[in-house]
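Engineer: Protein chains in written order, with the working numbering: chain Z, 1 to 111; chain A, 112 to 226.
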């Protein structure tokens, strides 16, 4: 699996948009970009994933650059409950391949 | 969405005893499940891949005789930590894929403390 680079930590004010960047310059053509988050003492929670096009769901938006070498996860209106470690992972979309977690970004949402 | 359930959510045991952790897929069948371990302030590390009806595949450095994995049905995988020691204290998390093309879903983890 390709490696990813994320900032160690970020701060965001409650109600504002949180934009979490991720670099994955060695991503292969058949690899997807996945985002998960882990709230303290819980298992990781799936947020969103994409291949080439931008994606949006009820939790977040995923913006992938045209060259696919980087992406940004956007939480449009961050709340205190969004405080968590956010992991950007690239992997083939396979029912048999697991995910390799890096260190992620610790997002702290403040009042 | 797919739900993966783990039990217990936390357990305290004495050194030398064995502990079993269950991982269930609640609304789907999972031929493959994955077991991770997470030490404080570290990321998740894959321990093993559990395959229904066959032997588990262990990552390098993980002792298969110490961490016994059984995947006897399409909805249940178990991880048994045998002869637990304080250094086995960790957060153990299982995961599984749901239906075709669904992302990997994780259980809520089991906090193991060995005294």
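Glycine is no exception: its CB is placed at the ideal position from the N, C-alpha and C atoms.
Is there at least one Cβ from chain A nearer than 7 Å to residue 29(Z)'s Cβ?
Structural biologist: No, its Cβ sits nowhere closer than 7 Å to a Cβ of chain A.
Engineer: Taking residue 189(A) as the reference, give the member of 114(A), 133(A) and 116(A) with the closest Cα.
Structural biologist: The shortest C-alpha separation from residue 189(A) is found at 133(A).
Engineer: Strictly under 7 Å for the Cβ-Cβ distance: is residue 6(Z) near chain A by that measure?
Structural biologist: By this cut-off, residue 6(Z) is not an interface position.
Engineer: Name the chain D residues that come within less than 9 Å of residue 105(Z), Cβ to Cβ?
Structural biologist: The structure shown contains no chain D; the protein chains it does contain are Z and A.
Engineer: In terms of residues, what are the limits of the beta strand (DSSP E) holding residue 38(Z)?
Structural biologist: Segment 31-38, the beta strand (DSSP E) holding residue 38(Z).
Engineer: Spell out a yes or no on whether the region 176-192 of chain A and the region 100-107 of chain Z are touching, meaning 3 or more CB-CB pairs, one atom from each, closer than 8 Å.
Structural biologist: No, they do not touch.
Engineer: Let me make sure I understand the geometry here. Which of 57(Z), 80(Z) and 81(Z) has the alpha-carbon closest to that of residue 73(Z)?
Structural biologist: Among 57(Z), 80(Z) and 81(Z), the Cα nearest to that of residue 73(Z) belongs to 57(Z).
Engineer: Count the other CB atoms within 10 Å of the CB of residue 148(A); is the residue buried (16 or more) or exposed (fewer)?
Structural biologist: Buried is the call here.
Engineer: Specify whether the region 65-84 of chain Z and the region 117-133 of chain A touch according to this definition: at least 3 beta carbon pairs, one from each stretch, less than 8 Å apart.
Structural biologist: These segments do not touch.
Engineer: Suppose you measure from the CA of residue 60(Z) to the CA of residue 18(Z); what does that come to, to the nearest Å?
Structural biologist: Distance between the alpha carbons of residue 60(Z) and residue 18(Z) is about 10 Å.
Engineer: Measuring straight from C-alpha to C-alpha, what distance separates residue 136(A) and residue 47(Z)?
Structural biologist: Straight-line Cα distance between these residues: approximately 19 Å.
Engineer: Considering only C-alpha positions, which residue in the set 45(Z), 82(Z) and 67(Z) is nearest to residue 54(Z)?
Structural biologist: Considering only alpha carbons, the answer is 67(Z).
Engineer: Would residue 224(A) and residue 201(A) be called neighbours here (beta carbons separated by less than 7 Å)?
Structural biologist: No, they are not a contact pair.
Engineer: Check for me: the beta strand (DSSP E) holding residue 173(A) runs from which residue to which?
Structural biologist: No beta strand (DSSP E) contains residue 173(A), which DSSP labels as neither H nor E.
Engineer: Give a yes or no on whether the C-beta atoms belonging to residue 34(Z) and residue 44(Z) are separated by under 7 Å.
Structural biologist: Against a cut-off of 7 Å, the Cβ pair of residue 44(Z) and residue 34(Z) comes out as no contact.
Engineer: Check for me: the beta strand (DSSP E) holding residue 50(Z) runs from which residue to which?
Structural biologist: Start and end: 45-50.
Engineer: Starting from residue 131(A) and walking both ways along the beta strand (DSSP E), at which residues does that stretch end?
Structural biologist: Unbroken beta strand (DSSP E) run through residue 131(A): 130-136.
Engineer: Within 8 Å, do at least three Cβ pairs link the region 172-189 of chain A to the region 2-18 of chain Z?
Structural biologist: Verdict: no, contact absent.
Engineer: Which chain A residues sit within Cβ distance under 7 Å of residue 99(Z)?
Structural biologist: Those within 7 Å of residue 99(Z) in chain A are 215.
Engineer: Between residue 145(A) and chain Z, is there a C-beta pair that is closer than 7 Å?
Structural biologist: For residue 145(A), the answer is yes, since a Cβ of chain Z falls inside 7 Å of its Cβ.
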